[in-house]
Amino acid sequence: MLKIGVIGYGLRISGMIEQMKVFDIPFKISAIVDPRAKQLAQLAKGGPEQGYVIRYDENLVRDAVIYETADEMLEKAELDGVMIGTRCYLHTEMACKVAKKNIPLFLEKPVAITFDQIKKLDAAFKKVSAPTVISFPLRLTPMVQIVKNIIDSGRLGDIQHVVAVNDVPYGSVYFNYWYRNYDEVGGLFLQKATHDFDYVFYLLGNKPRYICAMKSQRIYGQKDKPFELLCRDCEERYECIESPFNLFYRRFQGEKVVWNEWQKCMFSKEIKNEDSGNAIIEMENGVQVSYTQNFFVRNQTVARRGARLYGYKGTVDFDWYRGTIVIHDHVMPKKETIEFTAQMSHFGGDRELVYDFLMAMKEGRPSRSPMSAGITSALTCLWARESAETRKFCEIKMP
4 MLKIGVIGYG
14 LRISGMIEQM
24 KVFDIPFKIS
34 AIVDPRAKQL
44 AQLAKGGPEQ
54 GYVIRYDENL
64 VRDAVIYETA
74 DEMLEKAELD
84 GVMIGTRCYL
94 HTEMACKVAK
104 KNIPLFLEKP
114 VAITFDQIKK
124 LDAAFKKVSA
134 PTVISFPLRL
144 TPMVQIVKNI
154 IDSGRLGDIQ
164 HVVAVNDVPY
174 GSVYFNYWYR
184 NYDEVGGLFL
194 QKATHDFDYV
204 FYLLGNKPRY
214 ICAMKSQRIY
224 GQKDKPFELL
234 CRDCEERYEC
244 IESPFNLFYR
254 RFQGEKVVWN
264 EWQKCMFSKE
274 IKNEDSGNAI
284 IEMENGVQVS
294 YTQNFFVRNQ
304 TVARRGARLY
314 GYKGTVDFDW
324 YRGTIVIHDH
334 VMPKKETIEF
344 TAQMSHFGGD
354 RELVYDFLMA
364 MKEGRPSRSP
374 MSAGITSALT
384 CLWARESAET
394 RKFCEIKMP
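Be aware that the sequence shown starts at 4, since it is given in my numbering, and climbs by one per residue.
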């Protein structure tokens with residue numbers, strides 16, 4: 004029976020724990036560090052003050068010991084592995100504590116949100132031999148694995164150019180929920196682009212060298228509204244298209260109007276998260292990558308996430324929302340389309356992540372989304388943010 008300690012028992016980690024059950028590998032949650040640990044059953048029921056409902060299995064947590072701090076848990080509990088699902092600004096601090104124990108770790112992204120944190124994380128894990136699984140599901144999705152095989156086969160020739168895009172249909176969460184707290188998340192390159200940069204680097208089998216980036220805040224955070232203003236208390240609640248009233252009335256979401264205790268004004272003046280961003284990256288081998296992300300499309304039919312990778316012999320184009328891979332031949336006038344028909348959590352990558360974590364604990368098997376990938380992606384995001392704020396090209400290196 005594998006014994007797991009959890010630091011930060013929120014929506015994401017509870018969902019991953021639920022995914023782990025499908026492999027029929029015995030495990031239990033032996034220790035928990037979370038200020039709400041005694042309310043997990045209630046959090047699983049939901050309520051007007053919650054923006055989410057966690058997954059909760061009483062059988063898994065029945066014998067779990069609740070600790071006040073991560074230090075206490077790591078000192079007293081006998082664990083086969085640790086999962087970290089705190090808010091983003093705590094990821095580095097908690098990971099560095101686990102590094103001292105040299106046991107398997109599942110770490111949510113981003114692995115760091117400041118240059119100081121990324122340096123500390125890099126130093127802390129240089130001598131860690133136990134596998135670390137970074138929560139990068141996209142690189143492990145069936146779609147990316149097929150594209151990787153196509154690229155590595157040489158069918159397209161060497162990849163010379165990449166265009167990646169992420170039009171996020173659920174972007175409101177970064178402006179009306181806790182993600183709007185910039186000091187806790189570090190901006191949306193670190194929240195979203197960290198995934199996309201990672202799968203692109205994985206497909207190319209190369210590291211980034213230079214970056215230039217821009218970001219804009221032209222929509223959200225542009226009104227003189229208090230930061231803590233709830234939609235239900237706003238005088239514009241019946242006119243604003245982002246209010247619970249109009250999410251139901253005009254945008255046909257849900258079965259009725261629900262005024263909750265968590266949805267805050269997306270236009271509050273203190274919001275710092277960008278509503279769109281762009282980056283151009285030069286890889287070490289000279290290949291250029293362009294990336295764009297958008298957070299105000301708010302419509303599933305507009306949603307896009309994927310990339311085009313261009314070789315001299317052919318181009319491959321894939322999109323997770325569309326569920327297709329298209330291979331365009333540059334020599335013959337033909338194309339091939341591969342369609343995916345199943346709905347999968349994080350497009351099928353989540354179960355690969357938890358399988359890797361289970362195998363890391365059970366057999367010491369290496370991770371397919373290691374700490375080195377987490378550091379490279381976060382470092383690229385940090386330099387993207389730096390470039391956007393200074394209007395300069397930046398070399399992607401450890402500061």
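For glycine and all other residues, C-beta sits at the position ideal for the given N, C-alpha and C.
Fair warning: this is a prediction, and the values are worked out from it, not measured in the lab.
- Around the beta carbon of Phe255, fewer than 16 other beta carbons sit within 10 angstroms, so the residue counts as exposed.
- Counting every other CB atom within 10 Å of its CB across the protein chains shown gives Glu245 a total of 16 or more, marking it as buried.
- Excluding five sequence positions before and after Phe251, the CB atoms of its chain that fall closer than 6 Å to its own CB belong to Gly257 and Val260, given in chain order.
- The Cβ neighbour count for Phe230, taken over all protein chains shown within 10 Å, is under 16; the residue is labelled exposed.
- Spatial neighbours of Asp359 in its own chain (CB-CB distance under 6 Å, excluding positions within 5 residues in sequence) are listed in chain order as Val136, Ser370 and Arg371.
- DSSP, reduced to helix, strand and coil, places Ser372 outside both helices and strands of the structure shown, so it counts as coil.
- It is roughly 46 Å from the alpha-carbon of Cys243 to the alpha-carbon of Leu361.
- When Cβ pairs closer than 8 Å are counted between the two stretches, the stretch 109 to 119 is seen to touch the stretch 87 to 98, the count reaching three or more.
- Non-local C-beta neighbours of Asp320 in its own chain, meaning closer than 6 Å and more than five positions away in sequence, comprise Arg311 and Val329, ordered along the chain.
- Taking C-beta atoms under 8 Å as the contact rule, Ile116 and Val188 qualify, at a distance of about 7 Å.
- Counting only residues of its own chain and dropping the five nearest sequence neighbours on each side, Thr95 has a CB closer than 7 Å to the CB of Val114, Ala115, Gln120, Lys123 and Leu124.
- Per DSSP, Gly13 lies in no alpha helix (DSSP H) segment and is marked neither H nor E.
- Shown here for Leu82: same chain residues with a beta carbon closer than 7 Å to its own, the five before and five after excluded, namely Lys6, Ile7, Gly8, Ser33, Ala34 and Ile106 in chain order.
- Bounds of the alpha helix (DSSP H) holding Val101 are His94 to Ala102.
- Cβ-Cβ distances below 6 Å link Glu339 to Ile330 in the same chain, with the five nearest sequence neighbours on each side left out; the list follows chain order.
- Excluding the 5 residues flanking it on each side, Lys275 has same chain C-beta neighbours closer than 8 Å at Tyr185, Gly190, Gln220 and Gly224, in chain order.
- Contact annotation: Asn169 and Arg308 have beta-carbon atoms nearer than 7 Å.
- DSSP, read as helix, strand or coil, puts Thr72 in coil.
- Looking at the DSSP output, Met146 shares a beta bridge with no other residue.
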